[in-house]
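Per mature numbering (1 follows the signal peptide of the UniProt record, and there is no 0): the sequence shown = residues -22 to -1, 1 to 571. Every residue, glycine too, gets a C-beta built ideally from N, C-alpha and C. Accompanying notes for the structure given below.
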Amino acid sequence: MACRSAAAVAVAALLFVVVCAAAQAPSPRLPPNYHMINPGKFGKRDQQLTCTDSEGHQAPCMAKCDKRCPNQCIVMCPSCKTFCMCDFYPGASCGDPRFTGGDGNNFYFHGKKDQDFCIVSDANLHINAHFIGKRNPLMTRDFTWIQALGIRFADHRLYMGALKTTKWNNDVDRLELSFDGTPINVPAEIGAHWESAIVPGLTITRTAMTNGVRVQLAGVFDIMANVVPITEQDSRIHNYGVTEEDSLAHLDIGFKFYDLTDNVHGVLGQTYRSDYINKLSVSANMPVMGGTPSYVASDIFSTDCAVARFGQRSGISMRDQQLTCTDSEGHQAPCMAKCDKRCQCIVMCPSCKTFCMCDFYPGASCGDPRFTGGDGNNFYFHGKKDQNFCIVSDADLHINAHFIGKRNPTMSRDFTWIQALGIDPLCRSSPLHGSQENNQMEQRQLAFDGAPIDVPAELGAHWESTTVSGLAITRTTTTNAVRVQLAGVFDIMANVVPITEEDSRIHNYGVTEEDSLAHLDLGFKFYNLSEDVHGVLGQTYRSDYVNKLNVSANMPVMGGAPSYVASDIFSIDCAIARFGGRAGISMVTGRVN
């Protein structure tokens, strides 16, 4: 782990300060088994590249794109075989929509211009396609192409589309991407990468500098999409009627699915069913799938087509979510996850057990500080109001917590809650105190190196440090909840919550109109703790830790508070402090020998 100049992230009603940096992660690359080449762009029809075989040998080969797609094709390694995007098998849609079905047979589905159609509809995945087109007065149907995809999974919406384009220029990116309504910007570099901060395994990678991407959701789908125009030559041959006002830019798409059920439907989806019987004339030059009315949807994200399956698995309600869990042996199985009435929730795989943030295992602190230790056992640590305690102390990571509280005269201790976290003693910031809690109003203040951070109040909105590699903040709800990550060091989920009137009445907390006792509920994940780590929570991650608490009690309490007291939110002067204790540490460079 490398620590750089002091950097602070303050998260209010609570102060949340972060310092430290991890090494810059290498730029992600395309998978080694294929390359996308664009020979036509450089005026050369052949292009040399190096493939690595299964034994690690590298050998150059000359890749030449087929005449059907001379300007761009895919090269499979190590065979160096080339093929057009529309040869992607199975699961492809190209041109005047020609599909390669899950059964391996090609077919056409013309649909109708300016309408949306259900391409794949399953219990936990739904994909619609928006068709554009031109009407040839000599024909009874439209010429059509897929201009956009609307993808639904869980409660998320992913959009990819081709922007309307007049004169085509392959050097200009005409690809539009958005996730849950927020635009996605992927740098115009081959291998440039975007990863969702709220949906694990959702990534977008550029396969070309412009107009080509690979969209993956781990265990669900793998989609390759290119934006392409109708060329003047194509228009002349097929009488498409392309004009200078519109090059009819559309998507050529390759699909791969990992966990479709046998109830899947849709234009393409039905061909993946084990009981699917192809009734088309596959020997015809142009086998056409009919039944258009069954696949019509009211808009790009609607699941109202006649064959829709999304969310219809037995027992599903819209408050449930379908997801796929993978066990330790790589087996995948779908499960329905339903949150407890107390909370938004987290799902543990492969058991599909759901629990609230404060049941997070291991590494959590919630409410009247109840911790879930690294050993999986719950315990309480009450501390004392208006004091600071060392929660985690390791050679190159130190986290203090500031406790707030209320004194009940009938008890010998304070009611306490964690109001702030401080990481590294060089940073300072002030908490924001809230009165009556309003979940629609932001009760959190963010600052970095003294400068305010404005993370838009939108689910998934993202801030990334330009000076500390790997330090990022992402909103997990529109207000009062963030995920704070430092690559290779920690991953912290933080929610600002109040003491409700009901909680106060039941437990006699004494909440007033002047102070809702807003505090942090926290979930921690650590990546590089040493065997010498200590602190209220930290010690429970040691392999030699022996839990001496009565874990069968309703309220096992960790004592020894004086050992964890720190003089302020950033001090490392608690009796058990380990920060800076690893040999060779420099506070300037953070170099660890």
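Ordered list of alpha helix (DSSP H) runs contained in the segment 497 to 537, each at least 4 residues: none
Could you give the distance in angstroms between the alpha-carbon of Gly558 and the alpha-carbon of Asp374? To locate residue 558, count along the sequence shown from 1; it is residue 580. To locate residue 374, count along the sequence shown from 1; it is residue 396. Rounded to whole angstroms, Gly558 to Asp374 spans 6 Å at the Cα level.
Can you check which of these residues, Phe393, Pro434 and Ile547, is closest to Leu495 by C-alpha distance? Residue mapping note: residue 495 aligns to position 517 of the sequence shown, counting from 1. Comparing Cα-Cα distances from Leu495 to each of Phe393, Pro434 and Ile547, the minimum goes to Phe393.
Select from Ile554, Thr455 and Ser482 the residue whose C-alpha is nearest the C-alpha of Asn473. On the sequence shown, position 495 is the one that residue 473 refers to. Checked all of Ile554, Thr455 and Ser482; the closest Cα to Asn473 is Thr455.
Could you compute how far the alpha carbon of Ile208 sits from the alpha carbon of Ala398? To locate residue 208, count along the sequence shown from 1; it is residue 230. To locate residue 398, count along the sequence shown from 1; it is residue 420. Cα-Cα distance, rounded: 58 Å.
What is the rounded straight-line gap between the Cα of His497 and the Cα of Gln194? Here residue 497 is taken as the residue at index 519 of the sequence shown, counted from 1. Here residue 194 is taken as the residue at index 216 of the sequence shown, counted from 1. Put simply, the backbone Cα of His497 is about 37 Å away from that of Gln194.
Assuming Asp94 contacts Ala275 (C-beta within less than 8 Å), just tell me the rounded distance between them. In the sequence shown, residue 94 corresponds to position 116, counting from 1. In the sequence shown, residue 275 corresponds to position 297, counting from 1. Taking 8 Å as the upper bound for CB-CB distance, Asp94 and Ala275 are in contact here, some 4 Å apart.
Are Tyr137 and Val198 touching if we call contact CB-CB under 8 Å? Taking the first residue of the sequence shown as 1, we reach residue 137 at position 159. Taking the first residue of the sequence shown as 1, we reach residue 198 at position 220. No. Outside cutoff.
Roughly how many angstroms lie between the CA atoms of Phe233 and Ser447, to the nearest whole one? In the sequence shown, counting from the first residue as 1, residue 233 sits at position 255. In the sequence shown, counting from the first residue as 1, residue 447 sits at position 469. The straight-line gap from Cα to Cα measures roughly 34 Å.
Should Asp149 and Thr188 be called a contact, given that it needs their Cβ atoms to be closer than 8 Å? Translated into positions along the sequence shown, residue 149 becomes position 171. Translated into positions along the sequence shown, residue 188 becomes position 210. The answer is yes: Cβ separation under 8 Å.
Put Tyr542 into one of helix, strand or coil per three-state DSSP. Looking up residue 542 in the sequence shown gives position 564. In the structure shown, Tyr542 sits in a helix (DSSP, three-state: H, G or I).
Looking at C-beta atoms only, is the number of pairs between the segment 511 to 526 and the segment 351 to 358 that lie closer than 8 Å three or more? yes
Take Glu364 as the anchor and find which of Arg348, Ser371 and Trp395 has the nearest alpha-carbon. In the sequence shown, residue 364 corresponds to position 386, counting from 1. Looking at the sequence provided, one finds Asp at residue 364 rather than Glu. Taking only the C-alpha atoms, the option nearest Asp364 is Trp395.
Report the option in Phe359, Arg348, His512 and Thr457 whose CA atom is closest to the CA atom of Leu500. To locate residue 500, count along the sequence shown from 1; it is residue 522. Comparing Cα-Cα distances from Leu500 to each of Phe359, Arg348, His512 and Thr457, the minimum goes to Arg348.
Please report the residue range of the beta strand (DSSP E) in which Ser213 lies. Sequence index remark: in the sequence shown, residue 213 carries index 235 (1-based). Run containing Ser213: none in the beta strand (DSSP E); it sits in the alpha helix (DSSP H), Glu210 to His216.
In chain order, each beta strand (DSSP E) run of at least 3 residues that lies wholly inside the segment 438 to 502: 440 to 442, 449 to 453, 459 to 464 and 468 to 475
Apart from the five residues just before and just after Lys59, which ones in its own chain have a Cβ nearer than 8 Å to its Cβ? Position 81 of the sequence shown, counted from the first residue, corresponds to residue 59. Val53.
Entirely within the segment 368 to 394 and at least 3 residues each: give me those beta strand (DSSP E) ranges in chain order. 375 to 385
Under 8 Å between C-beta atoms of Asp81 and Asn204: In the sequence shown, counting from the first residue as 1, residue 81 sits at position 103. In the sequence shown, counting from the first residue as 1, residue 204 sits at position 226. Result no, Cβ atoms of Asp81 and Asn204 do not sit closer than 8 Å.
Please identify the residue among Gly516, Lys362 and Ala126 whose C-alpha is closest to the C-alpha of Val543. Locating residue 543 in the sequence shown gives position 565, counting from the first residue. Relative to the Cα of Val543, the nearest Cα in the group Gly516, Lys362 and Ala126 belongs to Lys362.
Measuring straight from C-alpha to C-alpha, what distance separates Ala224 and Asp120? Taking the first residue of the sequence shown as 1, we reach residue 224 at position 246. Taking the first residue of the sequence shown as 1, we reach residue 120 at position 142. The residue you asked about is not Ala; residue 224 is Asp in the sequence shown. For Asp224 and Asp120, the distance between alpha carbons rounds to 16 Å.
So Ala176 packs on Thr452, CB below 8 Å; how close in whole Å? Counting from 1 along the sequence shown, the entry for residue 176 is found at position 198. Counting from 1 along the sequence shown, the entry for residue 452 is found at position 474. At residue 176 the sequence reads Ile, which differs from the Ala that was named. Rounded, the Cβ-Cβ distance is 7 Å, consistent with contact.
May I ask you to report which of helix, strand or coil DSSP gives Ser272? Counting from one through the sequence shown, the residue named residue 272 turns up at place 294. In the structure shown, Ser272 sits in a helix (DSSP, three-state: H, G or I).
Where the beta strand (DSSP E) through Lys59 begins and ends: For this step, residue 59 is matched to residue 81 along the sequence shown. Its beta strand (DSSP E) spans residues Lys59 to Phe61.
Tell me whether Thr160 sits in a helix, a strand or coil according to DSSP, three-state version. For this step, residue 160 is matched to residue 182 along the sequence shown. Three-state DSSP puts Thr160 in a strand.
Start-to-end residues for the beta strand (DSSP E) that takes in Thr183: On the sequence shown, position 205 is the one that residue 183 refers to. Start and end: Leu180 to Arg184.
6 Å CB neighbourhood of Val535 in its chain, flanking five on each side removed: Numbered from 1 along the sequence shown, position 557 holds the residue referred to as residue 535. Around Val535: Tyr358.
Starting from the Cα of residue 648, find the closest Cα among Leu515, Trp123 and Ile97 and give me that residue. Only positions -22 to 571 of the chain appear in this structure, which leaves residue 648 out of reach.
Identify the continuous beta strand (DSSP E) that holds Ala199 and give its terminal residues. If you number the sequence shown from 1, residue 199 lands on position 221. This sequence places Phe at residue 199; Ala is not what is there. Here the beta strand (DSSP E) through Phe199 covers Phe199 to Val206.
If you draw a straight line from the C-alpha of Ala555 to the C-alpha of Asn378, how long is it? Residue 555 sits at position 577 when you count from the first residue of the sequence shown. Residue 378 sits at position 400 when you count from the first residue of the sequence shown. Approximately 11 Å between the Cα atoms of the pair.
Asn417 (DSSP reduced to helix, strand or coil): As a working mapping, residue 417 is identified with position 439 in the sequence shown. Any reading at Asn417 must be qualified, since the residue scores a pLDDT of 48, below 50, and its modelled position is unreliable; the value itself is stated next. In this structure, Asn417 counts as coil in the three-state DSSP scheme.
Here's a check: name, in chain order, each residue in its chain whose Cβ is nearer than 6 Å to the Cβ of Cys51, leaving out the five neighbours to either side. As a first step, residue 51 is located in the sequence shown; it is residue number 73 there, counting from the start. If we look at Cys51 and ignore the five residues flanking it on each side, its Cβ neighbours are Cys43, Thr60 and Cys62.
For the beta strand (DSSP E) that contains Asp120, what are its first and last residues? As a working mapping, residue 120 is identified with position 142 in the sequence shown. That run of the beta strand (DSSP E) goes Asp120 to Phe131.
Presumed contact (8 Å Cβ cut-off) between Tyr505 and Gly466, rounded CB distance: Position 527 of the sequence shown, counted from the start, is the residue given in the question as residue 505. Position 488 of the sequence shown, counted from the start, is the residue given in the question as residue 466. Yes, they are in contact, since the Cβ atoms of Tyr505 and Gly466 sit about 5 Å apart, within 8 Å.
Give the secondary structure of Gly412 by DSSP, where H, G and I count as helix, E and B as strand, and everything else as coil. Numbered from 1 along the sequence shown, position 434 holds the residue referred to as residue 412. Note that Gly412 scores 39 on pLDDT, short of 50, meaning its location in the model is unreliable; the coordinates nonetheless yield the value given after this. Coil, per DSSP.
Inter-residue spacing [alpha-carbon to alpha-carbon] between Ala439 and Leu449: For the purposes of this step, residue 439 is taken as residue 461 along the sequence shown, with counting starting at 1. For the purposes of this step, residue 449 is taken as residue 471 along the sequence shown, with counting starting at 1. For Ala439 and Leu449, the distance between alpha carbons rounds to 14 Å.
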